[in-house]
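Engineer: Protein chains in written order, with the numbering used here: chain U, 820 to 1043; chain R, 2 to 316.
A single structure is presented below for examination.
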Amino acid sequence: MGAALLAKFGPQLINLLAAVLLLLAFAMLTQRRILSLINLFAAQGLVLAMSTALVAALTGQAHLYLSAAVTFALKVLLLPWILHRLIRRLNVKWDVETLINIPTTMLVGIVLVILAFNLAAPIAQLAGTVTRAGLGIALASVLLAFLMMITRSKAVPQVIGFLAMENGLFFAATATVYGMPMVVELGVALDVLVAALILGIFLFEIRERFDSVDTRHLERLQER
Amino acid sequence: MSAAGLAAQFTELMLALLLAPLLTGWVNQCRAWLQNRSGPGLLQPYRVLGKLFQKDVMLAHNASPLFRAAPYLIFGCLALAAAVVPTLGTDLPLNAAADAIALVGLLALARLFISLAGMDVGTAFGSLGARREMLVGFLAEPALLMVLFTASLISHSTSLATIVDTLAHREFVIYPSLAFAGVAFTMVSLAENARIPVDNPATHLELTMIHEAMVLEYSGRHLAMIEWAASLKLFVYSCIGLALFFPFGIAQGGDWLGLVLALPALVAELAVGGAALALIEALSAKMRIFRAPEYLGTAFLLAVLALLVHVMLEA
Chain U
820 MGAALLAKFG PQLINLLAAV LLLLAFAMLT QRRILSLINL FAAQGLVLAM
870 STALVAALTG QAHLYLSAAV TFALKVLLLP WILHRLIRRL NVKWDVETLI
920 NIPTTMLVGI VLVILAFNLA APIAQLAGTV TRAGLGIALA SVLLAFLMMI
970 TRSKAVPQVI GFLAMENGLF FAATATVYGM PMVVELGVAL DVLVAALILG
1020 IFLFEIRERF DSVDTRHLER LQER
Chain R
2 MSAAGLAAQF TELMLALLLA PLLTGWVNQC RAWLQNRSGP GLLQPYRVLG
52 KLFQKDVMLA HNASPLFRAA PYLIFGCLAL AAAVVPTLGT DLPLNAAADA
102 IALVGLLALA RLFISLAGMD VGTAFGSLGA RREMLVGFLA EPALLMVLFT
152 ASLISHSTSL ATIVDTLAHR EFVIYPSLAF AGVAFTMVSL AENARIPVDN
202 PATHLELTMI HEAMVLEYSG RHLAMIEWAA SLKLFVYSCI GLALFFPFGI
252 AQGGDWLGLV LALPALVAEL AVGGAALALI EALSAKMRIF RAPEYLGTAF
302 LLAVLALLVH VMLEA
């Protein structure tokens, strides 16, 4: 009974989670406050872990459970905690600046989603996995996170954009090639990279604090 | 058309007319509880309507016939809209009168009349409110249409009864696009019903009001009709939301037992929906009027995303 239900609703649930992932990517794009941005990022990590666990249950790939557990620990617990600490240290809870205004960003976002869906449609035809429809969404959330990185002038939202991009990549990996044990390896490796990057930015920001409290405007001036 | 259909249609219309003030009262009561107030009680909207119907009508000297006709026209539009949305059964004789697109048109017609009436007397508040109402309306309408188009794409029909039949009575399928459409619809209906992120229904004589500014010049039975129509609008939007996103319990065709069971299901769903609305209102702050385009733009984009997701994941 349980197995039959899972086989029936599993793929649909994965599609639903994929859609929620895209929704969260859009919410991050339009969010002005850093604090909410971090919460949205944690929510995205949770959705990602859930969908990975679901793919694992559907396909019986045991290593994906591990991958889901790592995702949960890292992206729902550890990274948001680090980010919360970071913004408390830097005292930048209320940053609001975007380079382009938000409605325009959303319009560009829609264009990116259409582009991603068009690009992914022929590739998804080739993939034989239950989650292949998720590829377009994964690509779209990668592009949206990229857009967020471009349109934010402050360092912390850019880091979150980068992490969200990695979320999209991870989802693309589980959606297209869940048969490969490399996914776990790749995911963990990327996550380590991400953690290293955060620490790098952390140190960078601290160093910058010795010069001034303002984070991004001054950094641009420093370039000369 | 069957006897059950006729009965469903009649009961549905009567129910909408009678229950609409109760829904408003319930939302106000929930909001009062959430704000730690005791609240005016569930029946307050009926008492207000009763009081207003007994009072005399005061008209401005330069009020045109349009000003006097508008309350009845608005009420008529919304009563027809309430009759078209399936709440109890899907076999409705009036269903052929208006599909989802015509329903949006009916709501737009009501908005047009209330805006014209707001400008009619020529007071500053009236035209200010009317212009803001049109601003909100022209941004909210495309988003509402997109939400309805998403549901229409799923069921291959713009007829609301067919949409409900498809969503409620076929094999249960999860539609991710409806999640997007649901968020968009919630945002649109908050804006359209003059609820808190866009307008504050409890405010009077403030520079921020939209709906109340338009109806300031009305009194007596005219005001009663408009208040009743506003309640009906909230009821219609709630029922559209239930029909699209929680259509469970709505009877199929001329199923008598289903019709009888649909009534408690509808009341329970409306009670939960009203409480949720009060919760949203209690948790959010009213935004500046110039933020409204951004808010409604988000709703529109979410609705477009719903269409895209439908094409990508479900087609």
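For each residue, glycine too, the CB sits at the ideal point set by N, CA and C.
Every value quoted in this text rests on a predicted model; they were computed, and no experiment measured them.
Quick check on Gly-259 of chain R: buried or exposed, where buried means 16 or more other Cβ atoms within 10 Å of its Cβ?
Structural biologist: As a first step, residue 259 of chain R is located in the second sequence; it is residue number 258 there, counting from the start. Buried: at least 16 other Cβ atoms inside 10 Å.
Engineer: If we count the other Cβ atoms within 10 Å of its Cβ and call it buried at 16 or more, is Glu-134 of chain R buried or exposed?
Structural biologist: By 1-based counting over the second sequence, the position of residue 134 of chain R is 133. By the neighbour-count rule (16 or more Cβ atoms within 10 Å), Glu-134 of chain R is buried.
Engineer: Does Leu-306 of chain R get closer than 8 Å to chain U when you measure Cβ to Cβ?
Structural biologist: For the purposes of this step, residue 306 of chain R is taken as the residue at position 305 of the second sequence. Yes, contact with chain U.
Engineer: For Ala-286 of chain R, does the count of other Cβ atoms within 10 angstroms reach 16, so buried, or fall short, so exposed?
Structural biologist: What you label residue 286 of chain R is simply residue 285 of the second sequence in a count that begins at 1. Under this definition Ala-286 of chain R is an exposed residue.
Engineer: What residues from chain A crowd round Asn-834 of chain U, counting only those whose CB sits closer than 8 Å?
Structural biologist: Protein chains in the displayed structure are U and R, and chain A is not among them.
Engineer: Which same chain residues, not among the five before or five after Ala-868 of chain U, have their C-beta less than 8 Å away from its C-beta?
Structural biologist: For the purposes of this step, residue 868 of chain U is taken as the residue at position 49 of the first sequence. The residues are Ala-887, Ala-888, Thr-890, Phe-891, Lys-894, Val-895.
Engineer: When the Cα of Pro-294 of chain R is compared with those of R:Tyr-176, R:Glu-193, R:Pro-46, R:Val-28, which residue comes out closest?
Structural biologist: Translated into positions along the second sequence, residue 294 of chain R becomes position 293. Of the candidates R:Tyr-176, R:Glu-193, R:Pro-46, R:Val-28, the one whose C-alpha sits nearest the C-alpha of Pro-294 of chain R is R:Glu-193.
Engineer: Closer than 6 Å by C-beta to Thr-993 of chain U: which residues in its own chain qualify, once you throw out the five before and the five after it? Chain order, please.
Structural biologist: Sequence index remark: in the first sequence, residue 993 of chain U carries index 174 (1-based). Only Thr-871, Val-874 meet the Cβ criterion.
Engineer: Under the rule that 16 or more other beta-carbon atoms within 10 Å means buried, what is Phe-981 of chain U, buried or exposed?
Structural biologist: Taking the first sequence and counting its residues from 1, the one referred to as residue 981 of chain U is at position 162. Classification for Phe-981 of chain U: buried.
Engineer: Hey, could you find the ends of the alpha helix (DSSP H) Met-188 of chain R is sitting in?
Structural biologist: Counting from one through the second sequence, the residue named residue 188 of chain R turns up at place 187. Per DSSP, Met-188 of chain R belongs to the alpha helix (DSSP H) from 177-193.
Engineer: Give me, in chain order, the residues of the same chain whose beta-carbon lies closer than 6 Å to that of Val-189 of chain R; leave out the 5 immediate sequence neighbours on both sides.
Structural biologist: The sequence position of residue 189 of chain R within the second sequence is 188, counting from 1. Result list for Val-189 of chain R: Ala-141, Ala-144, Leu-145, Ala-300, in chain order.
Engineer: Please list, in chain order, all residues of the same chain as Ala-230 of chain R whose beta carbon is under 6 Å from its beta carbon, the five residues on each side excluded.
Structural biologist: Taking the first residue of the second sequence as position 1, residue 230 of chain R is located at position 229. Ile-75, Phe-76, Leu-79, listed in sequence order.
Engineer: Using a Cβ cut-off of 9 Å, pull out every chain U residue sitting near Gly-51 of chain R, in sequence order please.
Structural biologist: Along the second sequence, read from residue 1 onward, the residue named residue 51 of chain R stands at position 50. Neighbours of Gly-51 of chain R on chain U: none; closest Cβ ~45 Å, over 9 Å.
Engineer: How should Leu-1037 of chain U be labelled, buried or exposed, when 16 other C-beta atoms within 10 angstroms of its C-beta is the threshold for buried?
Structural biologist: On the first sequence, position 218 is the one that residue 1037 of chain U refers to. Low confidence applies here, because Leu-1037 of chain U scores a pLDDT of 44, under 50, leaving its location unreliable; read the following figure in that light. Leu-1037 of chain U should be labelled exposed.
Engineer: Whose Cβ in chain R lies nearer than 7 Å to the Cβ of Gly-955 of chain U?
Structural biologist: Translated into the one-based positions of the first sequence, residue 955 of chain U becomes position 136. In chain order: Met-313.
Engineer: Take Val-927 of chain U and list the residues in its own chain whose beta-carbon comes closer than 8 Å to its own, dropping the five residues that flank it on each side.
Structural biologist: On the first sequence, residue 927 of chain U is found 108 positions in, with the first residue counted as 1. Answer for Val-927 of chain U: Ile-919, Leu-966, listed in chain order.
Engineer: How many Å lie between Ala-125 of chain R and Ala-33 of chain R at the Cα?
Structural biologist: Taking the first residue of the second sequence as position 1, residue 125 of chain R is located at position 124. Taking the first residue of the second sequence as position 1, residue 33 of chain R is located at position 32. Going from the Cα of Ala-125 of chain R to the Cα of Ala-33 of chain R covers about 31 Å.
Engineer: Using CA atoms only, rank isn't needed, just tell me which of R:Ala-272, R:Leu-129, R:Asn-29, R:Ser-220 is closest to Arg-69 of chain R.
Structural biologist: In the second sequence, residue 69 of chain R corresponds to position 68, counting from 1. It is R:Ser-220 whose Cα lies nearest to the Cα of Arg-69 of chain R.
Engineer: Would you please verify whether the beta carbon of Thr-299 of chain R is less than 8 Å from any beta carbon of chain U?
Structural biologist: In the second sequence, counting from the first residue as 1, residue 299 of chain R sits at position 298. Interface residue, yes.
Engineer: Could you give the first and the last residue of the continuous alpha helix (DSSP H) run that contains Tyr-884 of chain U?
Structural biologist: Your numbering for residue 884 of chain U matches position 65 in the first sequence. From DSSP, the alpha helix (DSSP H) with Tyr-884 of chain U extends over 881-890.
Engineer: Mind checking if Gln-1041 of chain U is an interface residue toward chain R, Cβ cutoff 8 Å exclusive?
Structural biologist: The residue given as residue 1041 of chain U occupies position 222 in the first sequence. For Gln-1041 of chain U, the predicted model reports a pLDDT of 49, less than 50, meaning its position is unreliable; a value from the coordinates is still stated below. Cβ-Cβ to chain R under 8 Å: no for Gln-1041 of chain U.
Engineer: So which residues on chain U does Glu-295 of chain R lean against when the C-beta distance must stay under 9 Å?
Structural biologist: Counting from 1 along the second sequence, the entry for residue 295 of chain R is found at position 294. Under the 9 Å cutoff, chain U gives Thr-849, Asn-920, Ile-921, Pro-922, Met-925.
Engineer: Using alpha carbons as the reference points, say which of R:Gly-123, R:Phe-114, R:Ser-239, R:Ala-8 lies closest to Leu-271 of chain R.
Structural biologist: Walking along the second sequence from the start, residue 271 of chain R turns up at place 270. When each option's Cα is compared against that of Leu-271 of chain R, the closest is R:Ser-239.
Engineer: Can you pull the chain R residues whose beta carbon is under 7 Å from the beta carbon of Phe-828 of chain U, in chain order?
Structural biologist: Position 9 of the first sequence, counted from the first residue, corresponds to residue 828 of chain U. What Phe-828 of chain U touches in chain R: Ile-175.
Engineer: Are the stretch 242-254 of chain R and the stretch 169-180 of chain R touching by the rule of at least three beta carbon pairs closer than 8 Å?
Structural biologist: At 8 Å Cβ cutoff, the stretches touch.
Engineer: Exposed or buried, what is Thr-923 of chain U when buried is set at 16 or more other beta-carbons lying within 10 Å of its beta-carbon?
Structural biologist: The sequence position of residue 923 of chain U within the first sequence is 104, counting from 1. The residue in question, Thr-923 of chain U, is exposed, as its Cβ has fewer than 16 Cβ neighbours within 10 Å.
Engineer: So what's Arg-971 of chain U in DSSP terms, helix, strand or just coil?
Structural biologist: Position 152 of the first sequence, counting from 1, holds the residue named residue 971 of chain U. Residue state, collapsed to three classes: strand.
Engineer: Taking only three categories from DSSP, how would you classify Ala-286 of chain R?
Structural biologist: Numbered from 1 along the second sequence, position 285 holds the residue referred to as residue 286 of chain R. In the structure shown, Ala-286 of chain R sits in coil (DSSP, three-state: anything other than H, G, I, E or B).
Engineer: Indicate the three-state DSSP secondary structure (helix, strand or coil) for Thr-917 of chain U in the structure shown.
Structural biologist: Stepping through the first sequence from its first residue, residue 917 of chain U is reached at position 98. Thr-917 of chain U falls in the strand class under three-state DSSP.
Engineer: Tell me where the alpha helix (DSSP H) around Asp-166 of chain R begins and ends.
Structural biologist: In the second sequence, residue 166 of chain R corresponds to position 165, counting from 1. Asp-166 of chain R -> alpha helix (DSSP H) spans 161-170.
Engineer: Output, in chain order, the set of chain U residues within a Cβ distance shorter than 8 Å of Val-310 of chain R.
Structural biologist: Start at 1 with the first residue of the second sequence, and residue 310 of chain R comes out as number 309. Per Cβ cutoff of 8 Å: Ala-838, Leu-841, Ile-956.
Engineer: For Lys-261 of chain R and Leu-24 of chain R, I'd like the C-alpha separation in whole angstroms.
Structural biologist: Locating residue 261 of chain R in the second sequence gives position 260, where the first residue counts as 1. Locating residue 24 of chain R in the second sequence gives position 23, where the first residue counts as 1. Note on identity: in this sequence residue 261 of chain R is Val, with Lys being the wrong assignment. Computed Cα separation, rounded: 20 Å.
Engineer: Whole angstroms are fine: how far does the CA of Gly-987 of chain U sit from the CA of Met-226 of chain R?
Structural biologist: Sequence index remark: in the second sequence, residue 226 of chain R carries index 225 (1-based). Sequence index remark: in the first sequence, residue 987 of chain U carries index 168 (1-based). Cα to Cα, Met-226 of chain R sits roughly 52 Å from Gly-987 of chain U.
Engineer: Note down, in chain order, every chain R residue with its Cβ under 9 Å from the Cβ of Ile-929 of chain U.
Structural biologist: For the purposes of this step, residue 929 of chain U is taken as the residue at position 110 of the first sequence. Under the 9 Å cutoff, chain R gives Leu-302, Val-305, Leu-306, Leu-309.
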